[in-house]
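By numbering that gives the first Met the number 0, the letter at position 144 of the sequence shown is numbered 143, and the numbering carries on one by one without gaps.
Heads up, the thing below is written out as structure tokens.
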Amino acid sequence: MAKVKTNAIRILDAKRIAYEVLTYDNQDGKIDGVSVAAKIGREAREVYKTLVAQGASKTIYVYVIPVESELDLKKAAKAAGEKKVEMIPVKDIQKWTGYIRGGCSPVGMKKEYKTFLDDSCLALSKMVVSAGKIGVQMVIEPKVLIILTKAETIEVRK
């Protein structure tokens with residue numbers, strides 16, 4: 000596969016941030032996080048998915064959690080200081096982020112949204128997140144991702 004340049008990768012390159020790109024075949028349609036972890040030869044606990052939710056105030060929030068986990072909407076709302084948050088419809092992901100389902104990176108969205116990174120990442124030296132395109136993942140240090148996305152680390156998984 001040719002060297003892929005996504006918005007997220009361009010940002011990392013511009014800031015001279017170390018990362019590794021991992022690619023996988025998505026022709027089988029299996030783009031869920033657990034399938035992706037298996038395809039790239041990583042433990043599921045190292046691979047994180049990017050979820051986008053909207054609070055009661057209509058504010059958009061980004062949550063980055065392990066692929067095997069589910070977002071705890073009550074914890075997510077509390078972290079955001081909202082009465083409640085709801086996942087945005089899949090059809091609206093691109094409108095808000097510039098990315099599509101299965102290729103949504105926490106880096107390089109259309110706007111800078113308040114981001115919450117599940118605190119489980121703090122136990123890892125490297126983590127894997129989408130690089131902004133289906134079939135492309137990036138390996139990055141959690142502390143670097145926290146700084147880059149201005150994320151708050153807090154438990155938001157079930």
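Even glycine gets a Cβ: it sits at the ideal position worked out from N, Cα and C.
Beyond the five residues adjoining it in sequence on each side, Ala52 comes within less than 7 Å, by CB distance, of Tyr60, Tyr62, Ala75, Val84, Glu85, Met86, Ile87 in the same chain, given in chain order. Cβ atoms of Pro105 and Cys120 stay farther apart than 8 Å, at about 11 Å. Per the C-alpha coordinates, the member of Glu81, Asp91, Val127 positioned closest to Lys113 is Glu81. Of the candidates Ile145, Gly134, Ala150, Ala17, Gly134 places its Cα closest to the Cα of Lys29. Taking C-beta atoms under 8 Å as the contact rule, Tyr47 and Met137 fail to qualify, at a distance of about 11 Å. When only Cα atoms are considered, Lys57 and Lys38 end up about 36 Å apart.
Here Ala130 is buried, its C-beta having at least 16 other C-beta atoms within 10 Å. According to the DSSP assignment, Gln136 belongs to the beta strand (DSSP E) that extends over 135 to 139. In this structure, the alpha-carbon of Ala17 lies about 10 Å from that of Ile8. According to DSSP, residue pairing for Leu50 in a beta bridge involves Tyr62.
Here the alpha carbons of Gly101 and Gln26 stand approximately 13 Å from one another. Taking Thr148 as the centre and dropping the five residues before and after it, the same chain places the C-beta of Pro105, Thr114 closer than 6 Å to its C-beta, in chain order. It is roughly 7 Å from the alpha-carbon of Ile92 to the alpha-carbon of Tyr98.
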